[in-house]
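By UniProt numbering, the letter at position 57 of the sequence shown is numbered 57, and the numbering carries on one by one without gaps.
Note that beta-carbon positions come from the ideal geometry of N, C-alpha and C, so glycine has one too.
Right, one structure below, let's go through it.
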Amino acid sequence: MLHFQQTSPTSTTSQSEQEFVSGCENLIERIKLKQFDIDEMERLSNLPVSGLIKDGGRLLET
Numbered sequence: 001m002l003h004f005q006q007t008s009p010t011s012t013t014s015q016s017e018q019e020f021v022s023g024c025e026n027l028i029e030r031i032k033l034k035q036f037d038i039d040e041m042e043r044l045s046n047l048p049v050s051g052l053i054k055d056g057g058r059l060l061e062t
């Protein structure tokens, strides 16, 4: 399970942040199954999210 620190004091999560987090969780599941998609990682890393780690390449490092 990924845990992201919220940089803003509010607890609201934007649509793109929710999409990013759920996309990362799906991506991690596929990486475990060796079914990850580089294009999907690119799409997630280009979402306009604030205060979240965008370096999808780190997910592949072991």
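query                                                                                                                          : result
Which value, in whole angstroms, describes the spacing of the CA atoms of F20 and E40?                                         : 11 Å
Specify, as a first and last residue, the run of the alpha helix (DSSP H) that R44 falls within.                               : Looking at the sequence itself, residue 44 is Leu, so the reference to Arg does not match. Per DSSP, L44 belongs to the alpha helix (DSSP H) from I38 to S45.
Apply the 10 Å Cβ neighbour rule to G33 and answer buried if 16 or more other Cβ atoms are within range, or exposed otherwise. : Here residue 33 turns out to be Leu, not Gly, going by the sequence shown. With fewer than 16 other Cβ atoms within 10 Å, it is exposed.
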